DNA sequence: TTTCGTGCAAACCCTTTGCATTTGC
DNA sequence: GCAAATGCAAAGGGTTTGCACGAAA
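Protein chains in written order, with our numbering: chain A, 51 to 190; chain B, 51 to 190.
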């Protein structure tokens with residue numbers, strides 16, 4: 051499991067420069083309760099540091115993805131949300147009616163992952179999967 | 051199970067006007083081998099009918115979604131693909147490395163669907179789910 | 001005839017890119 | 001000092017919208 055500051059530490063270990071922008075973006079992702087969008091990271095950094103460009107946010111996210119330090123999840127909102135890779139995986143039940151998002155433990159999908167690997171030779175990347183449908187309330 | 055021309059028939063049953071554009075768009079979706087994008091529908095209609103606007107395609111797709119006559123699947127390409135709702139469901143294993151798409155029988159996911167319903171009261175909409183990961187070839 | 005649907009053009013949103021400037025190491 | 005990173009502004013792709021015209025019922 052990763053620690054706070056992990057993103058920044060690994061960046062530096064791998065020879066990437068520790069700019070103030072990267073420090074702030076890394077912190078924003080790690081301090082977010084779970085899933086943060088590029089626009090939200092940008093707003094958060096601007097509020098404290100007042101000097102960063104949205105393109106830098108996207109470029110940093112690109113880098114962090116490549117280094118497997120963040121994962122993305124598409125909740126079908128027309129934008130992607132980011133999550134620190136070390137914070138444990140979980141999945142999401144997204145209600146298409148009321149928008150409610152329920153967390154789902156990783157274990158629920160392990161048997162699916164196994165079947166796909168065994169029968170199709172396919173190693174599914176099931177970190178932060180979003181499953182759409184209707185929640186209890188909206189099913190009535 | 052639906053028949054060819056089903057989309058158009060249901061539109062008319064529900065009091066929507068049968069314009070040439072809607073006829074052509076409905077046919078394009080029903081004749082597509084599986085998953086067709088808005089842009090592809092547009093190109094196909096233009097080729098035969100030479101009179102349709104991309105915004106009409108989007109407005110029609112919006113309508114067909116609302117009436118549950120088509121479903122959409124996101125293959126992570128930055129655009130959504132459409133499928134006639136009546137043509138039977140199947141799922142897709144999308145390789146993030148080589149882009150290969152393998153079809154997956156609906157039955158593989160029925161147990162997942164059951165668990166979600168039983169334990170979370172969540173009725174998952176698992177028609178045309180796309181699961182990302184790595185195919186056999188790219189896993190080596 | 002009257003309401004619904006379309007074409008057109010512009011706007012929208014999120015994301016990416018080229019290039020000159022700045023900055024970490 | 002020099003490569004790497006940033007800011008800026010513009011472009012890109014897919015999708016949506018306002019409004020006047022045209023056509024289905």
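Yeah, the Cβ is synthetic: ideal placement off N, Cα and C, and Gly gets one too.
It should be emphasised that the depicted structure is a prediction, and the values quoted were computed from it without experimental measurement.
Find the residues of chain B that neighbour residue 86 (chain A), judging by a C-beta separation of less than 8 Å, and give them in chain order. Taking a Cβ-Cβ cut-off of 8 Å, residue 86 (chain A) has no neighbours in chain B, whose nearest Cβ is about 20 Å from it.
Other residues of its chain near residue 64 (chain B): CB distance less than 8 Å, five sequence neighbours each side excluded: Taken in chain order, the residues that qualify are 117.
Compare the Cα-Cα distances from residue 178 (chain A) to each of A:90, A:172, A:109, A:134 and report the closest residue. Of the candidates A:90, A:172, A:109, A:134, the one whose C-alpha sits nearest the C-alpha of residue 178 (chain A) is A:134.
For the beta strand (DSSP E) that contains residue 153 (chain B), what are its first and last residues? In the DSSP assignment, residue 153 (chain B) falls within the beta strand (DSSP E) that extends over 151 to 154.
Please classify residue 146 (chain B) as buried or exposed, where buried requires at least 16 neighbouring CB atoms within 10 angstroms. Residue environment: residue 146 (chain B) is assigned as exposed (fewer than 16 neighbouring CB atoms within 10 Å of its CB, all protein chains considered).
Test: residue 105 (chain B) CB closer than 7 Å to a CB of chain A: Not a single CB atom of chain A sits nearer than 7 Å to the CB of residue 105 (chain B).
Kindly indicate if chain B contains any beta-carbon less than 7 Å away from that of residue 189 (chain A). At least one chain B Cβ lies under 7 Å of residue 189 (chain A).
Beta-carbon of residue 181 (chain A) versus every beta-carbon of chain B: anything under 7 Å? Chain B, which has a Cβ nearer than 7 Å to the Cβ of residue 181 (chain A), makes this yes.
Say whether chain B places a C-beta atom closer than 7 Å to the C-beta of residue 172 (chain A). Judged by the 7 Å Cβ criterion, residue 172 (chain A) is in contact with chain B.
Which ranges does the alpha helix (DSSP H) cover as unbroken runs of at least 4 residues, wholly within the region 75 to 138 of chain B, from first to last along the chain? DSSP runs (the alpha helix (DSSP H)) wholly in the region 75 to 138 of chain B: 88 to 99, 104 to 116.
Give the single residue among A:67, A:160, A:166, A:181 whose Cα lies nearest to the Cα of residue 186 (chain B). For the options A:67, A:160, A:166, A:181, the alpha carbon positioned closest to that of residue 186 (chain B) is the one of A:166.
Using three-state DSSP, classify residue 143 (chain A) as helix, strand or coil. Here residue 143 (chain A) carries a strand assignment [DSSP, helix/strand/coil].
Can you name the residues of chain A whose CB is closer than 8 Å to the CB of residue 124 (chain B)? In chain order: 124, 126.
CB contact check: residue 186 (chain A) to chain B, cutoff 7 Å: Chain B contact via Cβ: present.
Checking contacts by CB at 7 Å: is residue 162 (chain B) closer than that to chain A? The beta carbon of residue 162 (chain B) sits closer than 7 Å to some beta carbon of chain A.
With 9 Å as the limit, tell me which residues of the region 134 to 153 of chain A have their beta carbon closer than that to any beta carbon of chain B; keep them in chain order. Here the close residues are 143, 145, 146, 152.
Note down, in chain order, each residue of its chain lying with its Cβ closer than 6 Å to the Cβ of residue 61 (chain A), except the 5 sequence neighbours on either side. For residue 61 (chain A), where only same-chain residues beyond five positions count, there are no Cβ hits under 6 Å.
For the region 54 to 74 of chain A, which residues have a CB atom closer than 9 Å to at least one CB atom of chain B, in sequence order? Result list empty, no residue passes.
Using a C-beta to C-beta distance shorter than 7 Å, which residues of chain A count as neighbours of residue 165 (chain B)? Within chain A, the residues near residue 165 (chain B) are 158.
Residues that residue 175 (chain A) contacts on chain B, provided the C-beta gap is smaller than 9 Å: Identification of chain B residues near residue 175 (chain A) by a Cβ-Cβ cut-off of 9 Å yields 146, 181, 182, 183, 184, ordered along the chain.
Determine whether the beta carbon atoms of residue 174 (chain A) and residue 183 (chain B) lie at a separation below 7 Å. Result yes, Cβ atoms of residue 174 (chain A) and residue 183 (chain B) sit closer than 7 Å.
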